[in-house]
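Structure representation (structure tokens):
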């Protein structure tokens, strides 16, 4: 039986932790919730309307980049991230988003550079560590994936995607006890692709190119 590729590996970015910058911008919070819930078309309409009046908000441009990336509009995602970074060159969410786009195109070295740049700016930005997990998995550096995944998880224990990445990492180190532990945590924290994770564990899906 041919093993299918796991295309939606494995990081969902949000902008809800932008150093508190989003906390007073309730409209962006609502759009971000739609994005995280997978309502991409509606989120895209809302963020376009938001940016029509507020073109100087780096978080809004970053969120647009995340939405475009999830829609596989990667050139539009890059354009949005670049606008965010022009407004604030230290927007780690946009830098990590640029890394995601690079990873999707197969440029793992460039992706790693973006993730490390984000970590250098904000050593407590958990999602950049988890994005590095994906690169290590792609390169079959499974022990390194576990190490960096634990760093991300210890910074954000409520993020289901970070726990899911760690579960996959433990799967490839043949540590089924830790794999199941983090699978359960991912489920508890709302990770949406649990069936796909099980298929990875059963060798029905592959994360490799």
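Residue numbers (the working numbering): 17 to 225.
Just so it is clear, CB atoms sit at the ideal spot from N, CA and C, and this is done for glycine as well.
Computed from a prediction, not measured in an experiment: that's the story for all the values here.
Roughly how far, in whole angstroms, is the beta-carbon of residue 94 from the beta-carbon of residue 119, given that I think they are within contact range, below 8 angstroms? Translated into positions along the chain shown, residue 94 becomes position 78. Translated into positions along the chain shown, residue 119 becomes position 103. Actually they are not in contact, since the Cβ atoms of residue 94 and residue 119 sit about 13 angstroms apart, beyond 8 angstroms.
Contact set for residue 90: own chain, Cβ-Cβ below 8 angstroms, skip 5 residues either direction: On the chain shown, position 74 is the one that residue 90 refers to. Here the set comprises 84, 117, 120 and 121.
Nearest residue (CA-CA) to residue 201, options 180, 211, 99 and 185: In the chain shown, the residue the question calls residue 201 occupies position 185. For the residues 180, 211, 99 and 185, the minimum Cα distance to residue 201 belongs to 180.
With which residues is residue 107 paired in a DSSP beta bridge? Taking the chain shown and counting its residues from 1, the one referred to as residue 107 is at position 91. Residue 107 is not bridged to any residue.
Which of helix, strand or coil does DSSP assign to residue 221? The count along the chain shown starts at 1 and reaches residue 221 at position 205. Residue 221 falls in the strand class under three-state DSSP.
Pick helix, strand or coil for residue 99, following the three-state DSSP scheme. The residue labelled residue 99 in the question sits at position 83 within the chain shown. Residue 99 falls in the helix class under three-state DSSP.
Our contact map puts residue 124 next to residue 110 with C-beta atoms below 8 angstroms; I'd like the distance itself, whole angstroms only. Counted from its first residue, the chain shown places residue 124 at position 108. Counted from its first residue, the chain shown places residue 110 at position 94. Contact flag wrong, Cβ pair sits at about 19 angstroms.
For the alpha helix (DSSP H) that residue 188 lies in, which residues bound it at each end? As a working note, residue 188 is residue 172 in the chain shown. Counting along the chain, the alpha helix (DSSP H) containing residue 188 begins and ends at 176 to 188.
For residue 56, the first and last residue of its enclosing alpha helix (DSSP H): As a position in the chain shown, residue 56 is number 40, starting the count at 1. Segment 56 to 69, the alpha helix (DSSP H) holding residue 56.
Give me the residue from 126, 137 and 132 with the minimum Cα distance to residue 104. Along the chain shown, read from residue 1 onward, the residue named residue 104 stands at position 88. Per the Cα distances, 137.
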